[in-house]
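Novice: Residue numbers for the sequence shown follow the UniProt record's numbering, so the first one is 3 and each next one is one higher.
Think of the CB as a built atom: it goes at the ideal place given N, C-alpha and C, for glycine as much as any other residue.
Sharing a structure below in structure tokens format, with a few things to ask.
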Amino acid sequence: MNLLLMGLPGAGKGTQAEFIVEKYQIPHISTGDIFRAAIKGKTPLGIEAQKYIDKGELVPDEVTCKIVAERLKQNDTKNGYLLDGFPRDLDQAKSLEEITDKLDKKLDAVINIDVDPDTLVQRLSGRFICKNCGATYHKLYKKPKVEGTCDVCGGHVFYQRSDDKPETVENRLKVNIKMNTPLIDFYKKLNLLHTVNGNQDIANVTEDINKILTNLN
Ligand code: AP5
Ligand code: ZN
3 MNLLLMGLPG
13 AGKGTQAEFI
23 VEKYQIPHIS
33 TGDIFRAAIK
43 GKTPLGIEAQ
53 KYIDKGELVP
63 DEVTCKIVAE
73 RLKQNDTKNG
83 YLLDGFPRDL
93 DQAKSLEEIT
103 DKLDKKLDAV
113 INIDVDPDTL
123 VQRLSGRFIC
133 KNCGATYHKL
143 YKKPKVEGTC
153 DVCGGHVFYQ
163 RSDDKPETVE
173 NRLKVNIKMN
183 TPLIDFYKKL
193 NLLHTVNGNQ
203 DIANVTEDIN
213 KILTNLN
């Protein structure tokens with residue numbers, strides 16, 4: 003299954019990606035995660051990407067599209083993949099069409115998680131992440147089972163993403179909201195788009211996505 007999970011910052015793409023990749027045993031390809039790993043490793047890509055990410059701007063297309071093209075060539079995508087956070091504008095969507103045409107790995111479906119902007123601010127400002135394994139939590143909506151201990155790895159150190167600070171969140175949402183409608187229209191026209199109400203709690207959003215996926219089979 004070749005899938006794209008789209009939605010504004012904080013919509014719950016990373017959260018919902020977990021069960022989808024488990025269900026289909028496909029790789030999770032998140033451009034945001036790729037950039038954050040590069041920043042952590044202080045690679046040339048990371049140094050370049052950080053300039054944009056810290057301001058809430060998009061990393062330039064020539065960098066991002068090349069990364070995705072290379073990633074989709076890898077053998078682990080032969081039975082499918084889940085894209086998360088790419089494409090996020092019309093130019094990137096057109097590039098993805100070219101890439102997947104050439105590789106014969108065209109998208110089977112696009113799942114759009116739709117969330118009200120006010121809710122997104124709350125989601126981003128309350129998010130915290132395990133430093134050891136990267137598991138994502140929320141101070142109100144997804145607390146670790148034992149306070150201060152990661153459910154996944156037992157780690158005790160958590161951090162806030164640098165782009166979740168209020169001054170960056172505002173610009174991230176502004177930049178992404180502008181590009182989102184043309185992207186939705188693009189996938190509507192291709193008859194690939196399925197929209198779920200992402201304002202519900204995590205389990206209900208999972209259930210709705212699962213129904214869509216089951217009907218695709
Ligand atoms: P990226 O990492 O992709 O960030 P994003 O799109 O802003 O999305 P997030 O990861 O912030 O949110 P999410 O939807 O995954 O939400 P999550 O599940 O964590 O990109 C970061 C940056 O990299 C970009 O700003 C850009 O600079 C650059 N970049 C990336 N891709 C690019 C591209 N294609 N082109 C150019 N530049 C690119 O959930 C959020 C919080 O809410 C969590 O705390 C979670 O626990 C909680 N939560 C989730 N669902 C629910 C729910 N239903 N109810 C209550 N709480 C919930
Ligand atoms: Zn952990």
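Decide if residue 205 is buried, meaning its Cβ has at least 16 other Cβ atoms within 10 Å, or exposed.
Specialist: By the 10 Å Cβ count, residue 205 comes out exposed.
Novice: Have a look at residue 128 and residue 207 and give me their C-alpha separation to the nearest angstrom.
Specialist: Residue 128 and residue 207: Cα-Cα distance of roughly 19 angstroms.
Novice: State the Cα-Cα distance for the pair residue 70 and residue 201, rounded to the nearest angstrom.
Specialist: Roughly 29 angstroms between the two C-alpha positions.
Novice: Assuming contact is defined by CB atoms lying nearer than 8 angstroms, are residue 114 and residue 195 in contact in what I supplied?
Specialist: Their beta carbons are under 8 angstroms apart, which means residue 114 touches residue 195 by this criterion.
Novice: Let me know if residue 83 comes out buried or exposed under the rule of 16 or more other beta-carbons within 10 Å of its beta-carbon.
Specialist: By the neighbour-count rule (16 or more Cβ atoms within 10 Å), residue 83 is buried.
Novice: Hey, would you say residue 1 sits closer than 8 angstroms to residue 147, going by beta carbons?
Specialist: Here the chain has residues from 3 to 219 only, and residue 1 is not among them.
Novice: Can you round the beta-carbon distance between residue 111 and residue 185 to whole angstroms, since I take them to be within the 8 angstroms contact cut?
Specialist: Not really, about 15 angstroms apart at Cβ, beyond 8 angstroms.
Novice: Hey, quick one: how far does the alpha helix (DSSP H) through residue 215 stretch, first residue to last?
Specialist: Taken as a continuous stretch (DSSP letters only), the alpha helix (DSSP H) holding residue 215 covers 204–218.
Novice: Residues near the ligand ZN, CB to any non-hydrogen atom under 6 angstroms, in chain order?
Specialist: For the ligand ZN, the selected residues are 132, 134, 135, 137, 152, 154, 155, 157.
Novice: If you measure between the beta carbons of residue 2 and residue 116, is that distance less than 8 angstroms?
Specialist: The question about residue 2 has no answer, for the chain in this structure spans 3 to 219.
Novice: From which residue to which residue does the beta strand (DSSP E) around residue 32 run?
Specialist: Residue 32 -> beta strand (DSSP E) spans 30–32.
Novice: Keeping to the same chain, check which residues put their C-beta closer than 6 angstroms to that of residue 13; ignore five residues upstream and five downstream.
Specialist: Within the same chain, residue 13 has close Cβ partners 115, 117, 200.
Novice: Can you give the Cα-Cα distance for residue 56 and residue 170, rounded to whole angstroms?
Specialist: If you take the alpha carbons of residue 56 and residue 170, they lie about 7 angstroms apart.
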